[in-house]
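Trainee:
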Amino acid sequence: MDINSVFGNRKGSGKDEAFQNMLRYGKVSSVNSKLHTVRVAFADKGGVVSHSLPVLIRGSLKNKHYHLPDVDEDVLCVFLPNGIQRGFVLGSFYNVNNSPPVASADKEHVTFSDGTIVEYDRSSSTMTVDCIGTINITAANGVTIAGNVTVTGSIAASGDVTAGNISLEAHVHSGVASGGSTTGEPE
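Count along the sequence shown from 1, then add 43; that gives the number in our numbering.
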């Protein structure tokens, strides 16, 4: 695919050719995760590979986002008029060989290569996280959950557990004689 298939074949002036070379479609051939750049191969140019190109992201100053396309992923690039040495990867896109994981304008969805899914459905106000591995949450000032919690598994706590004003580690039972006796089962 080249830019002609997007904007139509406009043969004629040198300006048209320069414009067509500014926007290019290709496949990622290599990824530099340290520099957040990729190199792109252009099949319509005989497999010519670009120099390292920065990948546009949502933010890079105070709120920093990080995401790189995979090798062989289709991308759209924009170049300065002097060739494929200086430019940017605008992003990737779906096609007939690589369809979206969901079909809903109400969902923001990410499916990772290991099968983990993170999704928000604004029509039902539902956040779904389906993690294949482990989820780690570290909060310097604690975690607050405002809502009911259902757990279908075990809970392990290395510190005290408090329900209402009752501490699991420090609570006492009245009406029980001290000594070697233990209390009965909960009622």
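In this text, a Cβ means the ideal position worked out from N, Cα and C, and glycines have one as well.
1) Report yes if the C-beta distance between V81 and V132 is below 8 Å; otherwise report no.
2) Could I get the ranges of all uninterrupted beta strand (DSSP E) runs contained in the segment 174–211, with 3 residues as the minimum, in chain order?
3) With burial defined as no fewer than 16 other Cβ atoms inside 10 Å of the residue's Cβ, what is the status of R165: buried or exposed?
4) Rounding to the nearest angstrom, what Cα-Cα distance links I198 and V204 in this structure?
5) Can the beta-carbon of N138 be found closer than 8 Å to that of D115?
6) Considering only residues of the same chain and omitting the five flanking positions on each side of C174, which have a CB-CB separation below 6 Å?
7) Between K105, N64, L111, which has its C-alpha nearest K88's C-alpha?
8) Over the uninterrupted beta strand (DSSP E) stretch that includes T80, give me the two end residues.
9) Enumerate in chain order the residues of its own chain whose CB-to-CB distance from L99 is below 8 Å, with the five nearest sequence positions on each side excluded.
10) Which residue comes first and which comes last in the beta strand (DSSP E) that contains K105?
11) Measure the C-alpha to C-alpha separation of T225 and G202 and round it to an integer number of angstroms.
12) Which term fits S93, buried or exposed, when burial requires 16 or more other beta carbons within 10 angstroms of its beta carbon?
13) So, is R67 buried or exposed, given that buried needs 16 or more other C-beta atoms within 10 angstroms?
14) Taking 8 Å as the cut-off, decide whether the C-beta atoms of R129 and F136 are in contact.
15) Since V139 is in the beta strand (DSSP E), which residue starts that stretch and which ends it?
16) Under 8 Å by Cβ, that's how I've got G102 and F85 pegged, so tell me the actual separation to the nearest angstrom.
17) Buried or exposed: where does V71 fall if 16 or more other Cβ atoms within 10 Å of its Cβ makes it buried?
Mentor: Here's the rundown:
1) Against a cut-off of 8 Å, the Cβ pair of V132 and V81 comes out as a contact.
2) Counting only runs of 3 or more residues that sit fully inside the segment 174–211, no beta strand (DSSP E) segment turns up.
3) By the neighbour-count criterion, in which a residue is buried when 16 or more other Cβ atoms sit within 10 angstroms of its Cβ, R165 is exposed.
4) Whole-angstrom Cα-Cα distance: 11 Å.
5) For N138 and D115, no; Cβs fall outside 8 Å.
6) By the criterion of a C-beta distance shorter than 6 Å, C174 is surrounded in its chain by T159, once the five residues flanking it on both sides are discounted.
7) Comparing Cα positions, the closest option is N64.
8) For T80, the uninterrupted beta strand (DSSP E) run begins and ends at 80–85, by DSSP.
9) Leaving aside the five residues that flank L99 on each side, the residues in its chain whose CB is nearer than 8 Å to its CB run, in chain order, F131, V132, L133, G134.
10) For K105, no beta strand (DSSP E) segment is defined, and its DSSP state is neither H nor E.
11) Spanning the alpha carbons of T225 and G202 requires a straight line of approximately 23 Å.
12) Classification of S93: buried, given that the 10 Å Cβ count is 16 or more.
13) By the neighbour-count criterion, in which a residue is buried when 16 or more other Cβ atoms sit within 10 angstroms of its Cβ, R67 is buried.
14) With contacts defined as CB atoms closer than 8 Å, R129 and F136 fail to qualify as a contacting pair.
15) Taken as a continuous stretch (DSSP letters only), V139 belongs to no beta strand (DSSP E), as it is neither H nor E.
16) The Cβ separation is near 29 Å, so there is no contact.
17) By the neighbour-count rule (16 or more Cβ atoms within 10 Å), V71 is buried.
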